[in-house]
Amino acid sequence: MTSPAERYEALAEVLLGDPSVTRPERRGFAQGGLMKDGKLFATLRGDRLLLKLPAARVSALIAAGQGAPFDANKGKPMKEWVLANTDSDWLALAREAAAFVS
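Numbering (my numbering), first residue to last: 12 to 113.
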């Protein structure tokens with residue numbers, strides 16, 4: 012079985028085939044994250060994939076039990092960020108997130 016980190020690396024390898032997707036060296040929130048045209052859209056947080064998606068999509072994923080809210084340790088969930096469950100289709104969601112930020 013693949014670890015979440017290995018799964019994320021495989022996902023990153025696929026997405027980095029797009030020249031507009033980069034993985035700059037950064038610290039903090041965007042550390043290790045994938046960016047499209049300079050905008051963060053996906054990164055690994057613990058064993059889950061953190062994604063930037065439209066607020067309605069985030070709500071739908073949470074309601075369907077496919078994700079959890081993300082609050083960046085501030086006590087208030089961020090409307091356009093979701094922590095995808097480990098059993099979700101990370102690649103499909105990451106592609107959706109990349110399209111959203113562009």
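Backbone N, C-alpha and C define an ideal beta-carbon position, used for all residues, glycine too.
Small disclaimer: the values here were computed from a predicted structure and weren't measured.
Subject >> Chain-order list of residues whose beta-carbon lies under 7 angstroms from that of Arg18 (same chain, five-residue window excluded) >> reply: Against the sequence shown, residue 18 aligns to sequence position 7. So the list reads Trp101, once near-sequence residues are dropped.
Subject >> Meets three-Cβ-pair contact criterion under 8 angstroms: the stretch 85 to 93 and the stretch 36 to 54 >> reply: no
Original post:
What's the gap between the Cα of Ser70 and the Cα of Leu104?
Top reply: Position 59 of the sequence shown, counted from the start, is the residue given in the question as residue 70. Position 93 of the sequence shown, counted from the start, is the residue given in the question as residue 104. When rounded, the distance between both Cα atoms is 14 angstroms.
Subject >> Spatially closest choice to Gln117 from Val32, Glu107, Arg56, by CA coordinates >> reply: Outside the shown range of the chain, which is 12 to 113, sits residue 117, and nothing can be said about it.
Subject >> Residue range of the unbroken alpha helix (DSSP H) whose run includes Phe81 >> reply: As a first step, residue 81 must be located in the sequence shown, where it is residue number 70. No alpha helix (DSSP H) contains Phe81, which DSSP labels as neither H nor E.
**OP:** Would you mind reading off the limits of the alpha helix (DSSP H) that contains Leu22?
**Re:** Locating residue 22 in the sequence shown gives position 11, counting from the first residue. It spans 15 to 26 - the alpha helix (DSSP H) in which Leu22 sits, taken as one unbroken run.
**OP:** Using alpha carbons as the reference points, say which of Lys85, Leu61, Asn84, Leu22 lies closest to Gln77.
**Re:** Position 66 of the sequence shown, counted from the first residue, corresponds to residue 77. The shortest C-alpha separation from Gln77 is found at Leu61.
Subject >> With 16 other Cβ atoms within 10 Å as the buried cut-off, status of Val108 >> reply: Within the sequence shown, numbered from 1, the residue matching residue 108 stands at position 97. Residue identity check: residue 108 is Ala in the sequence provided, not Val. So Ala108 ends up on the buried side.
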